[in-house]
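Peer 1: My questions all concern the structure below.
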Amino acid sequence: MAQNRRSATLMKAVQVPGAGAEFQIVERDIPEPGAGHVRIKVQACGVCHSDALVKDGSWPGLQYPRVPGHEVAGVIDALGSGVSAWSQGQRVGVGWHGGQDNTCPECRRGDFRNCRNQKIAGISYDGGYQEYMVAPVEALVAIPDALNAVDAAPLLCAGITTYNSLRYSGARPGDLVAVLGIGGLGHLGIQFAHKFGYKVAAIGRGSEVASLARRLGASLYIDSNSERPAEALQRQGGAQVILATAPSSKAMSEAIDGLAPNGKLLVIGVTFEPIEVSPVQLISGSRNIQGWASGTPADCEDTLRFAELSGVRPMIETYPLEKAAQAYARMLSGGAEFRVVLTM
Ligand SMILES: [Zn+2]
Ligand SMILES: [Zn+2]
29 MAQNRRSATL MKAVQVPGAG AEFQIVERDI PEPGAGHVRI KVQACGVCHS DALVKDGSWP
89 GLQYPRVPGH EVAGVIDALG SGVSAWSQGQ RVGVGWHGGQ DNTCPECRRG DFRNCRNQKI
149 AGISYDGGYQ EYMVAPVEAL VAIPDALNAV DAAPLLCAGI TTYNSLRYSG ARPGDLVAVL
209 GIGGLGHLGI QFAHKFGYKV AAIGRGSEVA SLARRLGASL YIDSNSERPA EALQRQGGAQ
269 VILATAPSSK AMSEAIDGLA PNGKLLVIGV TFEPIEVSPV QLISGSRNIQ GWASGTPADC
329 EDTLRFAELS GVRPMIETYP LEKAAQAYAR MLSGGAEFRV VLTM
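Take the position in the sequence shown, starting the count at 1, then add 28; the result is the number in the numbering used here.
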């Protein structure tokens, strides 16, 4: 009896004990949700490249130990005081946007995505690499019935970032949109771009991914090993948008000349290297370069609804929570097809 009571209050969590340290599997007390928070029984959590910010310690001021994970899908298990809009048993997720202060200049204008004190799940507080997590209500995303937890999880970071950046990109149905890189972000970007009604050019390396790119919705495949993507795009009249998902500033720099007049390089692949571009390249044809980060929980819900309607789904590899270290290594290797998801 005593044993059972004890195990009922403990859970398994995977934490990073310090910057650069190995993952640890630990037993922790199941957390209690405070006011304005809920406790989520986690069912799935995506492993994102940005989890490296926690693992490597490159996020300024991050406090350890920390449980990473910002692609969380599960079920509300307990409500904190003052929570009325959400109910126990409801299926919810938490993405990159882990909450806002509601008081900064951007929040006062409704631009929660750019909150100056934005909280990030798995960075500002413990995320989804654990059996239960606590999240503020501002971070919650309702998950439609038609989407299972493992499919929903990657849509809350990789999915929303491609969906949201494309839908605000200014590209219109029929426009040529190129997706640079066919990986965790790119394979979703191709699907969303196709379902939005764009003519999609997928840019990858080698001929092996060509048939996959076409299956995902690309009508044109450009092998950057055998031709220059910018020239290939110009033969089609130039791209209205190049969604740059590959974390390669060199590849982004080389693609800029593939833009049509008024075209936009939309940067979502994270790297710290500079993109090289001359003012002349931008001035001729009035071209733009724009970065884009994720979106709000409401944007996440739009992403999930659109995925439900259109059939867009992530391609995933799943690992049990205890194998988080292997799952993370698999993600880092670049060999996964295409998103790695932990299951609880
Ligand atoms: Zn992410
Ligand atoms: Zn704010």
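Glycine is no exception: its CB is placed at the ideal position from the N, C-alpha and C atoms.
Can you tell me the Cα-Cα spacing of Ala274 and Ala36, whole angstroms?
Peer 2: The alpha-carbon atoms of Ala274 and Ala36 are separated by roughly 44 Å.
Peer 1: Tell me which residues share the same chain as Ala180 and place their Cβ nearer than 7 Å to its Cβ, disregarding the 5 neighbours each side in the sequence.
Peer 2: These residues qualify, in order along the chain: Ala101, Gly121, Ile171 and Leu332.
Peer 1: Could you tell me how far apart the beta carbons of Glu99 and Gly46 are, in whole angstroms, since I believe they sit closer than 8 Å?
Peer 2: Actually they do not touch by this definition, with Cβ atoms about 23 Å apart.
Peer 1: Exposed or buried, what is Val369 when buried is set at 16 or more other beta-carbons lying within 10 Å of its beta-carbon?
Peer 2: By the 10 Å Cβ count, Val369 comes out buried.
Peer 1: Could you tell me which uninterrupted beta strand (DSSP E) segments, each at least 3 residues in length, are contained entirely in the region 330–365, listed from first to last along the chain?
Peer 2: List check, beta strand (DSSP E) in window: 344–348.
Peer 1: What three-state label does DSSP hand Cys76 in the structure shown?
Peer 2: Note: Cys76 maps to coil in three-state DSSP.
Peer 1: Quick check: is any heavy atom of ligand 2 less than 7 Å from the C-beta of Arg144?
Peer 2: Under cutoff, so the answer is yes.
Peer 1: Could you have a look at Val103 and say whether DSSP puts it in helix, strand or coil?
Peer 2: Val103: strand per DSSP, three-state reduction.
Peer 1: Express the C-alpha separation of Ile58 and Ile148 in angstroms, rounding to a whole number.
Peer 2: Each residue's Cα considered, the two are about 21 Å apart.
Peer 1: Would you kindly work out how many angstroms separate the C-alpha atoms of Ile218 and Ala246, rounded to a whole number?
Peer 2: Roughly 6 Å between the two C-alpha positions.
Peer 1: Less than 7 Å between C-beta atoms, sequence neighbours within five positions excluded: which residues of the same chain meet that for Gly138?
Peer 2: Hits under 7 Å: none found.
Peer 1: Using three-state DSSP, classify Asp57 as helix, strand or coil.
Peer 2: Correct three-state label for Asp57: strand.
Peer 1: Alpha carbon to alpha carbon, how far is Pro88 from Arg263? Give it in angstroms, no decimals.
Peer 2: Rounded to the nearest angstrom, the two C-alpha atoms are 44 Å apart.
Peer 1: Alpha carbons only, please: which of Arg67, Ile303 and Ala229 is nearest the one belonging to Gly108?
Peer 2: Here the closest residue by C-alpha is Arg67.
Peer 1: Closer than 5 Å from C-beta to any heavy atom of ligand 1: which residues, in chain order?
Peer 2: In chain order, the qualifying residues are Cys76, Ser78 and Cys185.
Peer 1: By a C-beta neighbour count over all protein chains shown, 10 Å radius and 16 as the cutoff for buried, is Val308 buried or exposed?
Peer 2: So Val308 counts as exposed.
Peer 1: Taking DSSP as the reference, what is the three-state secondary structure of Gly214?
Peer 2: Three-state DSSP puts Gly214 in a helix.
Peer 1: What does the Cβ neighbour count give for Leu38, buried or exposed, with the cut at 16 atoms within 10 Å?
Peer 2: It is exposed - the Cβ of Leu38 has fewer than 16 other Cβ atoms within 10 Å.
Peer 1: Tell me which residues share the same chain as Gly234 and place their Cβ nearer than 8 Å to its Cβ, disregarding the 5 neighbours each side in the sequence.
Peer 2: Same-chain partners within the cutoff: Asp251 and Asn253.
Peer 1: With Pro342 and Leu216 assumed to form a contact (beta carbons below 8 Å), what rounded beta-carbon distance in angstroms separates them?
Peer 2: Contact flag correct, Cβ pair sits at about 6 Å.
Peer 1: Counting only runs that start and end within the region 217–251, where is the alpha helix (DSSP H) found for 4 or more residues in a row?
Peer 2: The qualifying runs are 238–244.
Peer 1: Helix, strand or coil: how does DSSP classify Gln43 here?
Peer 2: Three-state DSSP puts Gln43 in a strand.
Peer 1: What first and last residue would you give for the beta strand (DSSP E) that runs through Ile311?
Peer 2: Run containing Ile311: none in the beta strand (DSSP E); it sits in the alpha helix (DSSP H), Pro307 to Ile311.
Peer 1: By DSSP's criteria, Pro164 is part of a beta bridge. Which residues make up the other side?
Peer 2: BP columns for Pro164 point to His65.
Peer 1: Does the beta-carbon distance from Val42 to Leu349 come in below 8 Å?
Peer 2: Yes, the pair counts as a contact, with Cβ atoms nearer than the cut-off.
Peer 1: Measuring CB atoms only, is the region 356–370 touching the region 159–176, in the sense that at least three cross pairs come out at less than 8 Å?
Peer 2: Verdict: no, contact absent.
Peer 1: When burial is assigned at 16 or more other CB atoms within 10 Å of the CB, is Tyr196 buried or exposed?
Peer 2: So Tyr196 ends up on the exposed side.
Peer 1: Quick check: Leu261 and Ala206, are their CB atoms within less than 8 Å of each other?
Peer 2: Yes, they are a contact pair.
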